Amino acid sequence: MIAKNESRFYLRTVLILLCTFMVTGVALGAGPMEQSLASGGKVLLHFTSTPLMTMTETPFAIDLTSPSGNIEEDAVITLGLDMPAMPMPPNHPQVVFRDGHYQGTAVFTMAGAWQVEMMIRHADGVVEQVVFDIDKVLMK
Ligand SMILES: [Cu+2]
348 MIAKNESRFY
358 LRTVLILLCT
368 FMVTGVALGA
378 GPMEQSLASG
388 GKVLLHFTST
398 PLMTMTETPF
408 AIDLTSPSGN
418 IEEDAVITLG
428 LDMPAMPMPP
438 NHPQVVFRDG
448 HYQGTAVFTM
458 AGAWQVEMMI
468 RHADGVVEQV
478 VFDIDKVLMK
């Protein structure tokens, strides 16, 4: 009985530590970029490695907050990476909801300024689009 309680406590501690580590890991990356949505919610995009480099698998996380402040986890998010200065080949990193965040991996194919065009389809069918400006991706 005691052993069972102890192992449960141990498991809970490990889970809390893991969550803390994940949140901290995300916060250490490229500064989170936040935008308000017309629907009243918020969306946060953060790249988990900095500085951003060309031809590098770059993980990102997206957090969607509903107008009431809850985490919104049933939306469908699609991304398009583009450069404002020139037409670029289609670049659409896959986004999946996993471990409490929308996540994926981006590859920037060229140095310079980029834009992340984000389309959010909420569970109620409302679609919103926001654009995040990335000042600089550096040559690897
Ligand atoms: Cu380009």
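Following my numbering, the numbering of the sequence shown begins with 348 at its first residue and continues without gaps.
Backbone N, C-alpha and C define an ideal beta-carbon position, used for all residues, glycine too.
This one's a predicted model, so the numbers in the text were calculated from it and none came from an experiment.
For residue i, which residues from the same chain have a beta carbon less than 7 angstroms from its beta carbon, with the 5 sequence-adjacent residues on both sides left out?
i       : result
Ala-432 : Gly-459 and Ala-460
Asp-482 : Ala-460
Gln-441 : Gly-451
Ser-383 : Lys-389
Arg-494 : Outside the modelled stretch of the chain, which goes from 348 to 487, sits residue 494, for which no answer is possible.
Run the CB neighbour count on residue i, radius 10 Å, all protein chains shown included, and call it buried at 16 or more, exposed below.
i       : result
Gly-388 : buried
Ile-409 : buried
Val-474 : exposed
Val-484 : buried
Ala-422 : buried
Roughly how many angstroms separate the alpha carbons of residue i and residue j, rounded to a whole number?
i       : j       : result
Gly-447 : Phe-394 : 16 angstroms
Met-457 : Phe-407 : 18 angstroms
Gly-451 : Asp-429 : 16 angstroms
Ile-424 : Val-477 : 11 angstroms
Lys-487 : Met-402 : 7 angstroms
Met-369 : Gly-427 : Note that Met-369 scores a pLDDT of 45, beneath 50, so its modelled location is shaky; the value from the coordinates is reported in the next line. Their Cα atoms are separated by approximately 25 angstroms.
Met-435 : Glu-404 : 18 angstroms
Thr-412 : Leu-391 : 8 angstroms
Gln-416 : Ser-396 : It should be noted that the sequence gives Gly, not Gln, for residue 416. Roughly 27 angstroms between the two C-alpha positions.
His-439 : Asp-471 : 24 angstroms
Met-400 : Phe-444 : 24 angstroms
Met-465 : Gly-378 : 17 angstroms
DSSP puts residue i in a beta bridge; with which residues?
i       : result
Pro-406 : Thr-452
Asp-480 : Gln-462
Met-380 : Leu-392
Val-423 : Arg-468
Closer than 6 angstroms by C-beta to residue i: which residues in its own chain qualify, once you throw out the five before and the five after it? Chain order, please.
i       : result
Glu-419 : Leu-411 and Ser-413
Pro-437 : none
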